[in-house]
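Note that my numbering has the sequence shown beginning at 3, numbered continuously upward. Built from N, CA and C at the ideal position, the CB exists for glycine as well.
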Amino acid sequence: MNPTELYRTWVEVSFDALRNNLAWIRHRVGPRVKILAVVKADAYGHGLPQIAGALMHGGVDIFGVATLNEALGVRAVGAGWPILLLGSSLPAEVETAVRHNVMPTISSLDEARRFQREAARQQKTLAVHVKVDTGMGRLGFWHEEAVKPIQRIAALPNLRLQGIYTHFPSAEDDAAFSLEQVEKFHAVVRGAGVRIPLRHADNSAGVLNVHAGSRRLGSLFNVVRPGLMMYGIVPPGLPPVPQLQPTLSFKSRVILVKRIAAGRSVSYGRTFVAQQPMRVAIIGAGYGDGYSRDLSNRGEVLIRGHRCPVLGRVTMDQTIADVSDARFRDLAPGEEVALVGRQGRDCITAVELAAWAGTIPWEAMTSITKRVPRVYTGAAT
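Structure (structure tokens):
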């Protein structure tokens, strides 16, 4: 028996697709550029330990995470790998971060001093990255004020200024603004006048939409930070990249087929009322699994390779779909349903699902909950 036959809802993750995408990114940016693989939010819903292990075998150079717990998850898989904590650190986290050699992001002199004191206490030299805010309006030193703090951080004992970076807020649809950010960043690096080995800005949209538009990028930056594209998804608004393969499929099963008479309603709130006799499939996935309630009366699923509209409200544990078409006359419980992914000749993408729900693919993927088993296919090595 296939183990997934016992699952009413599950995620399939393809190591082969992940390896393909990593190879394409490497080809895109060139052999001299380091790849900082972003594996925050449980590796975008794929499973952090498994994805980190596969990426280590795949030849990434650095890992990027959002929280200290995520950093420790990567560290448990690979003891020697460089890990960058992309978020700021709480004061209570400093001791653990230093003990496990997690590189912090520094956005203030106070942060730098906290890490310097703890590194001195542990008799270590800790690698750190400084973040420069060139337009995101979030973490980092404002670019106009960054030069002197960077020089002071570079002079602190027990710290090694290993990297400096910025972040593009709109690389997918405003390359011109991103290129302005590049110039601001370059001015900071030039003005600081200190040696900083690693310099990075490109996220997935930057790699696809900004990288080719700036001569400066080739000489200034030597690290890229792929996230979404590593999982085979092109950020909305950018042209398709056929070479990238989605790594994640979100699947469920029919748990009941029933007839609905004209005038009867389905699900909470009675938001769908049948205008004629219908057959519906009750599917064993709902918002408790990460299939958003915002897909109510909007989404579609694939059954036998054909699209079936979602009827009524998505509930915590079930979703209802229209299977009135004659091709489903013998549909039975246990048949597979594709919520995201390919079935037959058709495919529902994470971008498409997110658009129906009025959100973005990042949220759609990271919303798949822990109760959904992850099943891995292909070779991780």
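Check: Given that a residue counts as buried once 16 or more other Cβ atoms are within 10 Å of its Cβ, and exposed if not, what is A283?; Outcome: buried
Check: Looking at C-alpha atoms only, which residue of G208, A156 and A194 is the closest neighbour of A173?; Outcome: G208
Check: Can you tell me where the beta strand (DSSP E) with F252 in it begins and where it stops?; Outcome: L250 to I262
Check: Please name the residue, chosen from I198, G239, S206 and Y233, that lies closest to L222 on a Cα-to-Cα basis.; Outcome: I198
Check: In three-state DSSP terms, what is H308?; Outcome: strand
Check: Taking only three categories from DSSP, how would you classify S16?; Outcome: strand
Check: Contact between the region 355-370 and the region 297-304: three or more CB pairs below 8 Å?; Outcome: yes
Check: Please name the residue in I53, R306 and L141 whose C-alpha comes closest to that of L88.; Outcome: L141
Check: Got a sec, what are the start and stop residues for the beta strand (DSSP E) Q164 sits in?; Outcome: L161 to Y167
Check: Identify whether F65 lies in helix, strand or coil by the three-state DSSP scheme.; Outcome: strand
Check: Our contact map puts G239 next to D175 with C-beta atoms below 8 Å; I'd like the distance itself, whole angstroms only.; Outcome: 5 Å
Check: Tell me the start and end of each unbroken alpha helix (DSSP H) in the region 263-325 that is at least 4 residues and wholly inside, in chain order.; Outcome: none
Check: Excluding the 5 residues preceding and the 5 following Q124 in the sequence, name in chain order all residues of the same chain whose CB lies nearer than 7 Å to its CB.; Outcome: V100 and R101
Check: Within this structure, are the beta carbons of R201 and G66 separated by less than 8 Å?; Outcome: no
Check: At least one CB of chain D closer than 8 Å to the CB of G61: is that the case?; Outcome: Looking for chain D here will not work: only one protein chain is present.
Check: Use the C-beta contact count for L297: other C-beta atoms within 10 angstroms, 16 or more gives buried, fewer gives exposed.; Outcome: buried
Check: Tell me the rounded alpha-carbon separation between Y270 and D319.; Outcome: 13 Å
Check: Measure the alpha-carbon distance for L57 versus R21 and round it to whole angstroms.; Outcome: 8 Å
Check: What is the rounded straight-line gap between the Cα of R170 and the Cα of L74?; Outcome: For the sequence presented, residue 170 should be read as Phe rather than Arg. Their Cα atoms are separated by approximately 27 Å.
Check: Would the beta-carbon of T107 fall within 8 Å of that of L128?; Outcome: no
Check: State the DSSP-derived secondary structure class of R34, mapped to helix, strand or coil.; Outcome: coil
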